[in-house]
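Chemist: Below are the structure tokens for one structure; questions will follow.
In this note's numbering, the protein residues as written are 12 to 434.
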């Protein structure tokens, strides 16, 4: 297979890695506002509200009243770009490529009897929006991306007894993406535009186990399956490739892309120290090594352009990652619970293949939160997270003599607001 060094036009999957998100690669952590307050340290074992559908479906066995949980996490991300150089020379490096955005979520759980519970959840496990400024110096290696994955998960749980429960939920996953980039066949030629659009719906599943090991200690284990997508859409090219008078610069080709989002395993422990303090710890392994390369297949491309737009491949060579978190909550009184957590998360990228679309490094995240219950039926959750990444370098070049080299330092603020109502 021919490798074409056209990194700006390659794939929706590459576009999904961004500094705006609080998990490695292009995963999102923001499926629970109560969990956000503890840095998601007890994701598989806390089961504090209906958002356990995403964290561990077995946790529904701990919910004794019918309830609805919903919320939104707002993400404000920033990037400092320094030591930048490019060919052709010139261009800007503002680094403000991630707009302020929200990640919504919603869940419903209904206990059936002492053993069975049913629930349904809607949340976003992956996604991003990035949009570099016009004239960005690295525009040939990344300019604008918008990708969303929304998951619908009907779920059941079964409690064998008051110690052990299991849960299972098939996931219906919808992916939509748009990728835009600049294109210039030679350094002297004016810029053109390339736009790739695609979508698909695919199935996966989540399965979990929850064990009340002692009166004060609970452990949870959750497996989130891989999901195989075949995105189908089109590649639009606005560029007079041959420079011929009268040639139509607007070309449109059918495009397809095979993409597999990785499986992950989450293990966590919740320990109630006393009537006031609860401690949390957890680790998540994600199989990012599935992403070795990305290939877009375009059909209907004229023979003279097939070398440019027929098959486009980009090396990724991502590696598996671990994330670890610790957290605590303090029951101040009947109405208020306070939370905090610290997380460390590996990046799956490497120093050779990293691009402006994935300028991400290992990260640390500090979180605080609170839950306010003015009545027994209602709880309002608030959370704040601060993310700081290690600085990383981008070193890109292509066969047209274009290049972009820069140092990226990423940081972000996350704000969460949610509510649980019990019937």
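We treat Cβ as the ideally placed atom computed from N, Cα and C, and that holds for glycine. Everything numeric in this text was worked out from a predicted model, so none of it was measured.
1) Pull up the CB-CB distance for residue 47 and residue 378, whole angstroms please, since I reckon it's below 8 angstroms.
2) Taking the DSSP output, what are the residues bridged to residue 333?
3) Which residue comes first and which comes last in the alpha helix (DSSP H) that contains residue 306?
4) Could you tell me whether any Cβ in chain B is nearer than 7 angstroms to the Cβ of residue 372?
5) In the DSSP output, what is residue 170 paired with across the bridge?
6) Give the list of continuous beta strand (DSSP E) stretches no shorter than 3 residues that lie fully inside the segment 337 to 369.
7) So for residue 119, helix, strand or coil by DSSP?
8) With distances taken Cα to Cα, identify the nearest neighbour of residue 66 among 72, 76 and 54.
9) Three-state secondary structure (DSSP) at residue 156?
10) Identify the residues that DSSP records as bridge partners of residue 78: which are they?
11) Can you tell me the Cα-Cα spacing of residue 282 and residue 179, whole angstroms?
12) Which two residues bound the contiguous beta strand (DSSP E) that contains residue 380?
13) For residue 93 versus residue 154, is the C-beta spacing smaller than 7 angstroms?
14) In its own chain, which residues sit with a C-beta less than 6 angstroms from the C-beta of residue 111, not counting the 5 before and 5 after it?
15) Provide the residue(s) that pair with residue 142 in DSSP beta bridges, ordered along the chain.
16) If we ignore side chains and look at the alpha-carbon of each, how far apart do residue 402 and residue 123 end up?
17) With the cut-off set at 7 angstroms, would you say residue 149 and residue 415 are in Cβ contact?
18) Comparing alpha-carbon positions, which option in 366, 145, 83 and 268 lies nearest residue 246?
19) So, is residue 262 buried or exposed, given that buried needs 16 or more other C-beta atoms within 10 angstroms?
20) Quick check on the burial criterion: 16 or more other C-beta atoms within 10 angstroms. Buried or exposed for residue 41?
21) Only counting the same chain, and skipping five residues up and downstream in sequence, which positions put a Cβ closer than 7 angstroms to that of residue 72?
22) Alpha carbons only, please: which of 119, 349, 135 and 147 is nearest the one belonging to residue 100?
23) So residue 135 packs on residue 159, CB below 8 angstroms; how close in whole Å?
24) Could you check whether residue 228 and residue 219 sit closer than 7 angstroms to each other, using their CB atoms as the reference points?
25) DSSP puts residue 371 in a beta bridge; with which residues?
26) For residue 278, I'd like the list of residues in its chain whose CB is within less than 6 angstroms of its CB, leaving aside the five on either flank, ordered along the chain.
27) Measuring alpha carbon to alpha carbon, tell me which residue in 217, 211 and 103 is nearest residue 69.
28) Give me, in chain order, the residues of the same chain whose beta-carbon lies closer than 6 angstroms to that of residue 248; leave out the 5 immediate sequence neighbours on both sides.
29) Among 346, 332 and 57, which has the Cα closest to the Cα of residue 388?
30) Our contact map puts residue 157 next to residue 121 with C-beta atoms below 8 angstroms; I'd like the distance itself, whole angstroms only.
31) Tell me which residue opens and which closes the beta strand (DSSP E) that residue 62 is part of.
32) Based on Cα-Cα distance, which residue from 85, 338 and 390 lies nearest to residue 60?
33) Where residue 210 and residue 238 are concerned, what is the direct C-alpha to C-alpha distance, given to the nearest angstrom?
34) Have a look at residue 242 and residue 270 and give me their C-alpha separation to the nearest angstrom.
35) I'd like the span of the alpha helix (DSSP H) that includes residue 48, first residue to last.
36) Secondary structure at residue 98, three-state DSSP: helix, strand or coil?
Modeler: Looking at the atomic coordinates:
1) 6 angstroms
2) 296
3) Careful: residue 306 lies outside any alpha helix (DSSP H), inside the beta strand (DSSP E) at 304 to 310.
4) Of the protein chains in this structure there is only one, and it is not chain B.
5) 176
6) 347 to 356
7) strand
8) 54
9) strand
10) 120 and 433
11) 24 angstroms
12) 374 to 383
13) no
14) 87
15) 155
16) 50 angstroms
17) yes
18) 268
19) buried
20) buried
21) 128, 168, 170, 176 and 221
22) 147
23) 7 angstroms
24) no
25) The partner list for residue 371 (beta bridge, DSSP) is empty, contrary to what the question assumes.
26) 232 and 294
27) 217
28) 205 and 262
29) 346
30) That belief does not hold up - the Cβ atoms of residue 157 and residue 121 are roughly 35 angstroms apart, past 8 angstroms.
31) That residue, residue 62, is in no beta strand (DSSP E); it is neither H nor E in DSSP.
32) 390
33) 14 angstroms
34) 7 angstroms
35) 44 to 48
36) strand
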